[in-house]
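Mapping to the numbering used here: the sequence shown position 110 is 92, numbers consecutive.
Heads up, the thing below is written out as structure tokens.
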Amino acid sequence: MSKIKEFLNAAGIFFLATADGDQPKLRPLGLSIEMDGKVLFGIGDFKNVYKQLVKNPLCEIVAAKPDGHWLRYTGKAVFETDPKYAQAALDAMPQLKDIYNENTGNKMMMFHLEDAKAVVIPVMGEGESIL
């Protein structure tokens, strides 16, 4: 998992692909944490991306580093129920506390990927599995 997290840190922004019916949806994310042997991602419970993952948890995360290497991380989104994960995410990105709090009613929903594959792919050549 550390290799995935290191890659995401180097990329900064990464993209999450979901399905909305038969239409693919792609959006940028920047929040990931590593905890309890998992790389976790946070999304808002009020956003369409959350509804899409609940309906169809199959998704893919893609990140690219400035050197042209890119990561394809594919699996099934599994949401965490322990609030310690959301708290850790908010501690990592305190600016999100203005969005996710008791006053707004918005909740940070944390998920990790199961049955996952992760491949790092160079600009030219074959990818290498890191998971």
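Ideal Cβ positions, reconstructed from N, Cα and C, are used throughout, including at glycine.
Counterpart residues of Q5 in DSSP-defined beta bridges: Paired residues: D2.
Taking A45 as the reference, which of E108, Q69, F(-4) has the closest Cα? Closest option to A45, Cα to Cα, is F(-4).
With V21 as the anchor, note down where its beta strand (DSSP E) starts and where it stops. For V21, the enclosing beta strand (DSSP E) has its first and last residue at 20 to 26.
Using 9 Å as the threshold, is the C-beta distance between L40 and I25 below it? No Cβ-Cβ contact shorter than 9 Å links L40 with I25.
Quick check: what's the CA-CA separation for H94 versus E62? If I take the Cα positions, the gap works out to 8 Å.
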